[in-house]
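As they're listed, the protein sequences go chains W and U. The letter at position 78 of the first sequence is residue 78 when you use this note's numbering, and the numbering goes up by one with no holes. The letter at position 214 of the second sequence is residue 587 when you use this note's numbering, and the numbering goes up by one with no holes.
2 protein chains.
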Amino acid sequence: MGFKLIKKLKNSLARTGEIKTRHGIVKTPCFMPIATCASVKSIDSVQMEKSKAQIILGNTYHLYLRPTDKLIKKFGGLHKFMNWNGPILTDSGGYQVFSLAKMRKISEKGAEFKSHIDGSNHMLTPEKSIEIQNNLGSDIIMVLDECAPYPATKKYIDESLELTTRWAQRCKKHFDKKNVKLRKNDRALLFGIVQGGTYKDLREKSAKQLLQIDFDGFAIGGVSVGEPSEKMFQAVDWTAPLLPEEKPRYLMGVGKPEEVVGAVARGIDMFDCVIPTRNARHGTLYKFIKKSDKIKVSKSPGKFYEIMHITNEKFKSDKKSIDKNCGCFTCQNYSRAYLRHLFSAKELLALRLASIHNIHFYLELMKRIRNSV
Amino acid sequence: MGFKLIKKLKNSLARTGEIKTRHGIVKTPCFMPIATCASVKSIDSVQMEKSKAQIILGNTYHLYLRPTDKLIKKFGGLHKFMNWNGPILTDSGGYQVFSLAKMRKISEKGAEFKSHIDGSNHMLTPEKSIEIQNNLGSDIIMVLDECAPYPATKKYIDESLELTTRWAQRCKKHFDKKNVKLRKNDRALLFGIVQGGTYKDLREKSAKQLLQIDFDGFAIGGVSVGEPSEKMFQAVDWTAPLLPEEKPRYLMGVGKPEEVVGAVARGIDMFDCVIPTRNARHGTLYKFIKKSDKIKVSKSPGKFYEIMHITNEKFKSDKKSIDKNCGCFTCQNYSRAYLRHLFSAKELLALRLASIHNIHFYLELMKRIRNSV
Chain W
1 MGFKLIKKLK
11 NSLARTGEIK
21 TRHGIVKTPC
31 FMPIATCASV
41 KSIDSVQMEK
51 SKAQIILGNT
61 YHLYLRPTDK
71 LIKKFGGLHK
81 FMNWNGPILT
91 DSGGYQVFSL
101 AKMRKISEKG
111 AEFKSHIDGS
121 NHMLTPEKSI
131 EIQNNLGSDI
141 IMVLDECAPY
151 PATKKYIDES
161 LELTTRWAQR
171 CKKHFDKKNV
181 KLRKNDRALL
191 FGIVQGGTYK
201 DLREKSAKQL
211 LQIDFDGFAI
221 GGVSVGEPSE
231 KMFQAVDWTA
241 PLLPEEKPRY
251 LMGVGKPEEV
261 VGAVARGIDM
271 FDCVIPTRNA
281 RHGTLYKFIK
291 KSDKIKVSKS
301 PGKFYEIMHI
311 TNEKFKSDKK
321 SIDKNCGCFT
331 CQNYSRAYLR
341 HLFSAKELLA
351 LRLASIHNIH
361 FYLELMKRIR
371 NSV
Chain U
374 MGFKLIKKLK
384 NSLARTGEIK
394 TRHGIVKTPC
404 FMPIATCASV
414 KSIDSVQMEK
424 SKAQIILGNT
434 YHLYLRPTDK
444 LIKKFGGLHK
454 FMNWNGPILT
464 DSGGYQVFSL
474 AKMRKISEKG
484 AEFKSHIDGS
494 NHMLTPEKSI
504 EIQNNLGSDI
514 IMVLDECAPY
524 PATKKYIDES
534 LELTTRWAQR
544 CKKHFDKKNV
554 KLRKNDRALL
564 FGIVQGGTYK
574 DLREKSAKQL
584 LQIDFDGFAI
594 GGVSVGEPSE
604 KMFQAVDWTA
614 PLLPEEKPRY
624 LMGVGKPEEV
634 VGAVARGIDM
644 FDCVIPTRNA
654 RHGTLYKFIK
664 KSDKIKVSKS
674 PGKFYEIMHI
684 TNEKFKSDKK
694 SIDKNCGCFT
704 CQNYSRAYLR
714 HLFSAKELLA
724 LRLASIHNIH
734 FYLELMKRIR
744 NSV
């Protein structure tokens with residue numbers, strides 16, 4: 001269980017590897033489609049398998065509130081509940097508490113909040129977050145962190161990262177208590193999250209503190225809460241080299257295709273983002289410019305894809321598939337004109353077909369990246 | 374091309390047969406899922422094939438307005454546009470003009486209306502309806518009829534059916550002009566529609582008039598516009614025996630499962646209805662009471678299925694599939710609890726999984742009926 005470094009790109013931090021989880025191996029760099037409420041929006045788990053997704057991400061906050069982690073536990077975990085047999089990473093729930101829930105109150109103990117669904121009161125402590133993720137049967141568990149707002153004062157970020165470190169320690173302790181009873185191959189992995197906002201010294205401080213706690217992998221957090229691309233890359237440039245080479249690095253909530261490539265070149269192994277599915281539901285589709293099984297892995301990869309607004313009039317009678325070189329279900333079966341028509345007529349099928357294509361684009365992007373390292 | 378009677382049930386009008394169309398054979402009695410806007414709501418054509426749908430129904434009114442029949446013609450017809458290679462029946466557009474469009478004006482010439490989408494003015498004549506259905510590449514074309522409101526005076530219904538007959542003649546004439554140029558195996562089929570409301574003598578009059586025009590099949594119309602079940606069955610009891618045995622009989626817009634069985638026992642071969650998909654989208658699911666490959670085909674078939682409101686609290690932690698004997702994609706892969714959760718969380722996937730199940734139920738019902746005749 002854990003990470004195996006396979007190959008490193010010359011003169012770069014880019015690398016390929018494998019994360020061994022109790023539900024199988026994930027080749028990195030990888031992209032994790034988001035199954036917010038136990039479903040990648042509009043796509044069933046069987047199709048996700050056909051799309052060759054290696055690992056998906058479940059949202060602890062959503063699943064805790066509905067259908068509840070206790071219910072999912074009764075089913076033997078999220079895998080069985082949603083009929084997905086590959087690895088699952090769950091977030092800590094913290095991010096959604098800060099972005100979705102109402103009346104948040106942060107204290108040493110944890111994050112108090114009101115459910116956005118029914119207004120009920122809840123307390124998410126580091127121990128509770130681990131508890132929930134354990135109930136979900138997650139293969140990769142994230143520690144609870146405070147997601148500081150952007151922008152924030154240095155003082156705020158500093159205090160926040162210190163709290164995040166103390167919470168990380170509590171998470172580790174609680175995780176070990178549960179996990180130590182399991183045989184090695186049945187254990188989940190636990191990832192720490194480096195915070196520190198847009199301050200170099202604070203990123204370094206956070207990384208240093210977390211390295212002293214023994215985690216199976218490290219995430220870089222707090223980079224997608226409204227930050228522009230350059231600030232995000234800066235945080236990665238500061239942080240990634242401080243993280244141990246033999247552990248996977250996960251850039252949370254990132255990002256656009258060029259950000260993914262740029263982050264791989266900076267040493268990142270794992271990504272998740274709502275962009276492909278959310279954009280798909282708005283008719284925004286991705287298309288590679290060149291037919292190839294490789295891609296230039298560089299900090300500034302240049303333009304390698306196009307965006308297509310499928311609802312545009314110009315696709316009205318376009319008989320071609322979205323991308324003639326794409327092997328996804330949608331491109332194999334339907335034309336741009338048909339997809340445009342489904343969007344115009346507000347047919348539900350539009351959302352599914354577009355989502356399948358965009359997820360495929362992201363997974364194909366990761367494959368090209370792995371082929372190129 | 375046309376109908377072949379295979380078997381008749383003893384002491385009943387129920388029968389099995391085959392309709393040969395230019396896109397393949399349809400075993401009857403059959404149910405036609407409705408692909409309103411070139412998509413069976415939430416289900417792609419590949420899944421419809423996997424679900425073993427034999428034939429689907431396209432709505433002329435919707436497709437004429439959007440994406441337009443002219444566009445679909447450019448694609449080589451609806452089959453190619455939506456990637457469905459089986460037979461397609463299209464309605465005449467009349468029903469939606471009467472139920473959806475605004476500012477309708479009926480005259481000898483045709484039905485004038487404003488689009489419900491953009492308010493634009495249109496005129497649907499019998500010739501125009503045939504034109505559109507030809508452009509769509511329909512395999513079974515329906516004549517334009519006036520769908521009289523329910524209830525209506527006898528005088529209104531009488532005048533309406535006379536108009537319907539004159540329109541049917543014009544449709545036949547226009548259809549023949551186009552169709553006669555085609556080789557026999559490339560021809561579409563044209564169906565007439567018997568009207569006459571809830572009046573026996575008017576149903577007889579309409580049937581008699583239509584029989585004098587040579588159609589490939591006959592529909593019974595005007596039975597689902599607000600009529601109660603008994604009135605519908607009465608109309609079928611009066612009409613079906615008057616229709617030639619060697620031609621298929623289609624009961625438009627019907628119905629609930631017990632109505633379908635009851636109508637088969639009265640001599641009907643073809644059905645279409647929005648019930649399975651619309652109910653699915655509201656979480657109302659069908660389930661056979663007994664595991665069997667047959668069903669009692671009778672005018673009063675008794676209770677052979679149950680309705681399940683999947684959003685009900687009692688399914689919250691139900692690990693069973695909707696129906697343990699069901700072979701549909703949904704039942705093979707997901708539990709009641711998962712489906713209930715998807716509905717609670719308003720996940721798009723709920724609508725698809727529920728629709729796939731209900732369509733399968735209807736198709737399975739028809740299979741059991743065919744096995745039992």
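Built from N, CA and C at the ideal position, the CB exists for glycine as well.
Mind checking residue i: buried by the 16 CB within 10 Å criterion, or exposed?
i: W/Ile359; result: buried
i: U/Lys545; result: buried
i: W/Met82; result: buried
i: U/Glu618; result: exposed
i: W/Thr153; result: exposed
i: U/Asp531; result: buried
i: W/Ser129; result: buried
i: U/Gln705; result: exposed
i: U/Val553; result: exposed
i: W/Asp139; result: buried
i: U/His655; result: exposed
i: U/Leu555; result: exposed
i: U/Arg543; result: buried
i: W/Met123; result: exposed
i: U/Asp696; result: buried
i: W/Asn121; result: exposed
i: W/Gly302; result: exposed
i: W/Glu364; result: buried
i: U/Arg622; result: buried
i: W/Lys41; result: buried
Name, in chain order, the residues that DSSP records as bridge partners for residue i.
i: W/Asp272; result: W/Met32
i: W/Lys80; result: For W/Lys80, which the question treats as bridged, DSSP gives no partner whatsoever.
i: U/Glu679; result: U/Lys660
i: W/Glu230; result: In the DSSP output, where bridge partners are listed per residue, W/Glu230 has none listed.
i: W/Thr21; result: W/Gly24
i: W/Gly2; result: W/Lys20
i: U/Lys550; result: In DSSP, U/Lys550 forms no bridge with anything.
i: W/Lys7; result: W/Thr16
i: W/Gly58; result: W/Ala35, W/Thr90
i: U/Tyr623; result: U/Ala592, U/Met643
i: W/Gly192; result: W/Phe218
i: U/Ile732; result: Looking at the DSSP assignment, U/Ile732 forms no beta bridge with any residue, so it has no partner.
i: W/Val260; result: W/Val260 pairs with nothing; no bridge assigned.
i: U/Val413; result: U/Ile416
**Message:** Assess contact between the segment 65–72 of chain W and the segment 83–92 of chain W, defined as three or more Cβ pairs (one per stretch) separated by less than 8 Å. Is contact present?
**Reply:** With the cut-off at 8 Å, the segment 65–72 of chain W and the segment 83–92 of chain W do not touch.
**Message:** For the segment 260–285 of chain W, list every residue whose C-beta sits within 9 Å of some C-beta in chain U, in sequence order.
**Reply:** Arg281
**Request:** Could you name the residues of the segment 421–443 of chain U whose beta carbon sits closer than 9 Å to any beta carbon of chain W, in the order they occur along the chain?
**Result:** Residues passing the 9 Å Cβ filter: His435, Arg439, Pro440.
**Request:** Using a Cβ-Cβ cut-off of less than 7 Å, list which residues of the segment 66–99 of chain W approach chain U; keep chain order.
**Result:** So the close ones are Arg66, Pro67, Leu71, Lys74, Phe75, Phe81, Met82, Asn83.
**the segment 382–396 of chain U contacting the segment 636–644 of chain U, beta-carbon criterion three pairs below 8 Å** = yes
**Within 8 Å of chain W by C-beta, residues of the segment 714–733 of chain U in sequence order** = If you check each beta-carbon in the segment 714–733 of chain U against every beta-carbon of chain W, the ones closer than 8 Å belong to His714, Leu715, Ser717, Ala718, Glu720, Leu721, Leu722, Leu724, Arg725, Leu726.
**Prompt:** Can you list, in chain order, the stretches of the alpha helix (DSSP H) that have 4 or more residues and sit fully within the segment 464–543 of chain U?
**Reply:** 467–472, 499–509
**Asked** What residues from the segment 27–51 of chain W come within 9 Å of chain U, judged by C-beta to C-beta, listed N to C?
**Response** Thr36, Cys37, Ala38, Ser39, Val40, Lys41, Ser42, Ile43, Asp44, Ser45, Val46
**Prompt:** Between the segment 243–262 of chain W and the segment 309–328 of chain W, do three or more beta carbon pairs fall short of 8 Å?
**Reply:** no
**Prompt:** Along the segment 299–320 of chain W, what residues have a CB closer than 9 Å to any CB found in chain U?
**Reply:** Lys316, Ser317, Lys319
**Request:** Give a yes or no on contact between the segment 352–367 of chain W and the segment 47–54 of chain W, applying the rule of three or more CB pairs nearer than 8 Å.
**Result:** yes
**Prompt:** Which runs of the beta strand (DSSP E), 3 residues or longer, sit entirely within the segment 571–597 of chain U?
**Reply:** 590–593
**Request:** List in chain order: all unbroken alpha helix (DSSP H) runs of 4+ residues lying wholly within the segment 294–341 of chain W.
**Result:** 329–333
**Prompt:** If we count Cβ pairs, one from each stretch, closer than 8 Å, do we get three or more for the segment 135–152 of chain W versus the segment 183–198 of chain W?
**Reply:** yes
**Request:** Select from the segment 500–526 of chain U all residues with a C-beta closer than 7 Å to any C-beta belonging to chain W, and list them in chain order.
**Result:** none
**Prompt:** For the 8 Å Cβ check, are there 3 or more pairs between the segment 581–593 of chain U and the segment 393–408 of chain U?
**Reply:** no
**Prompt:** Is the segment 340–350 of chain W in contact with the segment 706–713 of chain U, if contact means three or more CB pairs nearer than 8 Å?
**Reply:** no
**Request:** Determine contact between the segment 735–743 of chain U and the segment 94–104 of chain W, defined as no fewer than three beta-carbon pairs at a distance below 8 Å.
**Result:** No contact exists between the segment 735–743 of chain U and the segment 94–104 of chain W.
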